[in-house]
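Report on one structure; see the data block that follows.
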Amino acid sequence: MPKQIIIAEQHQIAAVFSEDQIQELVVSTGTQQVSDIYVGTVENVLPGIDAAFVNIGDSERNGFMHVTDLGPLRLRRSAAAITELLAPQQKVLVQVMKEPTGNKGPRLTGNISLPGRFLVLIPYGRGVNLSRRIESEAERSRLRALAVLIKPAGMGILVRTEADGKDEDAIIEDLDYLLKQWESIQVQANSARPPMLLNRDDDFIQRVLRDIYTADVNRIVVDSASAVKRVKQHLMNWSGGKSPEGVLIDHHRDRLPILDFFRVNAAIREALKPRVDLPSGGYIIIEPTEALTVIDVNSGSFTRSATSRETVLWTNYEAATEIARQMRLRNVAGVIVVDFIDMDSRHDQLALLEHFTKALAADKARPQIAQLSELGLVELTRKRQGQNLYELFGEECPHCGGLGHLARLPGESDNSPLERLTPVVSATPTTVSKTPRIAERKEEEPEVSLEQEETPLDLINHPSYQDPGGNNNRRRRRRRLGENETNPTPTTGKHKPRPNSRNGELEKEPNGATTTERSTPKDEPDVANPRTEKQRTSPEAESRDNARGVDTPPPNSQRIARRDHAPMEKITVAMTPLEQELYALMGISPLVRVEGEVKDPKSVLVSVTDAPAQGVEETRGTEPAPMSNPIKVVEKEPVPEPQTPPEPKLVVANPEPADPELVTSTPKPQKKISEPEVTDVTANRRRRRRSSARGS
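Everything in the sequence shown is counted per our numbering, starting at 4 for the first residue and increasing by one.
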């Protein structure tokens, strides 16, 4: 049947088309190719495996040569051990027999062979051999007699299939070319310093035409004008100086690349997939492994036949034809096991084997069917010729390691896409970003249970005021006073200083200290609350946040830093019971009543004593007022401009307690009471008591 040869010399790829399908691929890649001749050096000899490793220039992998492949060295002493035939650092002439695969180096042999168009010259061989594909006995006799007459002394000759029907002059000319090539190799081997490459088929077009071109080829397409001339020249040399008839040589001029125009790349991509669909609806699965290649046949959706026997037999016939093509296309070698659909009839099994044998006859690698096992498996072998398609164009998956599956063990997360993208955590410390993500910041926050959130605050016995150990487990919203203004927080994100509305200065966030939030009167800016304007305008949300301790966390470096233990300082603050309840309800520290700056609130012992209502003195210029509680304690005269505060005073508890009724009375939550009103109420009660006493 007619064939077409597509040669992409630029990419060193050639494809053979038959019946509009790619039957075979020829790829020339890699540093060591089949039939390359090297002069190498023996690195080490291993008598345990009767082999030696030879250095041919690859720094990572040495070539492997068995004792049966020593060639001329073994011909002299065939029964000797390999240690007597080879020695380390010995200079040897070798040829690549198999290309390197994986971690294995190339397979080498000392039996040098030089392939030609009609003959194969074997310098260290003996006798004359003919190709098995020459079927005519008369032609075999003619070629054998000619080979015996022209064979050089001490050498061997193999007559190829292409010599069938050729005249004697073309065969003799081919032999002369091979002899000149061998003489050149010998001269280079004697003067070269190992390791060194001596011979290679650098002309890719010549190699393709020599191995693939036959009489049934009717078209050859190349990718350059110079390639057209060389194709014509090679064909004329092999045809006795005449241009071959019935062969069209084209130059590809389309804008689309030659490999895409003829769908070669698409065929390679499909050949790398394990599944191959059959014309009638069935399919086959090809799975290469380290030991062998397994092929499974399935009927799929094929149900056109009248009986199940016809369906099975027809599917197996289609699968056998496609398997033979896929073996050539993928260059599958080694042991191959085919699992056809089970057939009960022995006659059908023999018919399938006969059809499979005919389909394999066109393969130059000479696959041999071994047997049909009792389990219905067809076992066969195929000679290795270069690298297969997986080694040439495939790449091992970095996630699964070539298994085709990702392991999901018990206890691991079910989110497999995230697991693939997650890098392996190393033992070395990693650098933390200066601007962590929101999710990362939330993970760093300590968890607060619901019970802690619902527990009412006890201002006097709160651990934030009387914990000398500086425990870090306290609520983070409790450190606002006494910040060290010499170490301002970074101005990135939401930790930015805000300008003061009065003096225009930038107010800074605390450096790693968490104190009680305190609200300020409406005529002053909220200097201690870093929340947004939207949150500040909602009293209910602010009171809820104050109760739960929600606040902006300081930076990581400031939160981690710990203070050294300082000597405890005792401060006494005089407050009326009404003020104590208001401060406790609002969660405000009594330290706000102390004039001046408290350096470290954590190291201060606060003593709150009862004071009469008349002795209420303010130690700061402003009185804190809760935003969520309508009860406010305001000054008599609000001062718009900041004034210099008086010197700090420690108010000592009055030995005479106030009126019990006044102390224990609790103001109504909806009534606003000012300081003059409290004084008038007290005076009126005393007058009533005196009058009642006089009347009695």
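A virtual CB, placed ideally from N, CA and C, is assigned to each residue, including glycine.
Looking at residue j and residue i, is the spacing between their C-beta atoms short of 8 Å?
i	j	result
A173	V162	no
A270	I25	yes
H255	V225	yes
E140	D167	no
A323	A362	yes
L201	Q191	yes
I208	A230	yes
I252	S302	no
A309	K386	no
R77	L89	no
T164	S144	no
P50	A83	no
G119	Y180	yes
With H, G and I counted as helix, E and B as strand and the rest as coil, what does DSSP make of residue i?
i	result
Q352	helix
H254	strand
P50	coil
N58	strand
R145	helix
A166	helix
L378	coil
M100	strand
R385	strand
V601	coil
Y180	helix
P660	Note on P660: pLDDT 46, under 50, position unreliable in the model; the coordinate value appears next. Three-state result, P660: coil.
Q13	coil
V211	helix
N240	helix
Q35	coil
S21	strand
F343	coil
N319	helix
L596	The question names Leu, but residue 596 in the sequence shown is Arg. R596 falls in the helix class under three-state DSSP.
A373	strand
Could you name the residues of the same chain whose beta carbon sits closer than 7 Å to that of residue i, not counting the 5 residues immediately before and after it, in chain order?
i	result
L403	Strictly speaking, residue 403 in this sequence is Cys, with Leu absent from that position. Contacts found: L409.
T32	Q15 and L395
E102	G33, Q35, Q36, V37, P109, G389 and Q390
P197	V42, G43, T44 and K94
K169	F121
D239	It is worth fixing the name first, because residue 239 is Met in this sequence and not Asp. Contacts found: K245 and S246.
Excluding the 5 residues preceding and the 5 following residue i in the sequence, name in chain order all residues of the same chain whose CB lies nearer than 8 Å to its CB.
i	result
V220	P5, K6, Q7, I8 and V250
A228	H254
N114	D72, G74, Q98, I125, Y127 and G128
D23	none
Considering only the alpha carbon of each residue, which of the options lies closest to residue i?
i	options	result
D204	R196, L588, D214 and A195	D214
Q92	Q184, F56, A84 and S62	F56
V597	L588, G590 and S610	S610
D39	L111, P593, A11 and F20	L111
P282	E248, D263, W317 and F359	W317
V300	V340, G60 and V335	V340
T222	R272, Q236, M239 and P247	The amino acid occupying residue 222 in the given sequence is Arg; Thr does not appear at that position. Selected option, being the one with the closest Cα: P247.
K602	V234, L146 and E572	E572
L295	E377, E382, V234 and E325	E382
L117	L49, L76, I160 and V131	I160
N58	M199, A218 and G119	M199
H350	A364, E313, A365 and R411	E313
N106	R136, S62, N193 and K276	S62
D366	V267, L238, T384 and L378	T384
A368	S194, S606, N334 and G119	N334
N182	E171, S194 and A156	Here residue 182 turns out to be Leu, not Asn, going by the sequence shown. Nearest option by C-alpha distance: A156.
L375	A364, E399, M346 and G60	M346
L275	K605, S304, G397 and K245	G397
E321	F359, E12 and L406	F359
V131	I137, G119 and A148	A148
R272	R411, S304, Y393 and A587	Y393
Q236	D206, E293, S348 and K154	D206
R136	E582, E584, A364 and I153	A364
For residue i, which residues from the same chain have a beta carbon less than 6 Å from its beta carbon, with the 5 sequence-adjacent residues on both sides left out?
i	result
A17	I10, V29 and V211
F20	Q7
P593	V576, V609 and V611
The region 326–336 touching the region 283–300, judged by at least three CB pairs closer than 8 Å
Touching, yes.
Would you call the region 37–53 in contact with the region 93–100, where contact means no fewer than 3 C-beta pairs closer than 8 Å?
Short answer: they touch.
contact_flag[the region 60–74, the region 353–360] where n(CB pairs < 8 Å) is 3 or more
Verdict: no, contact absent.
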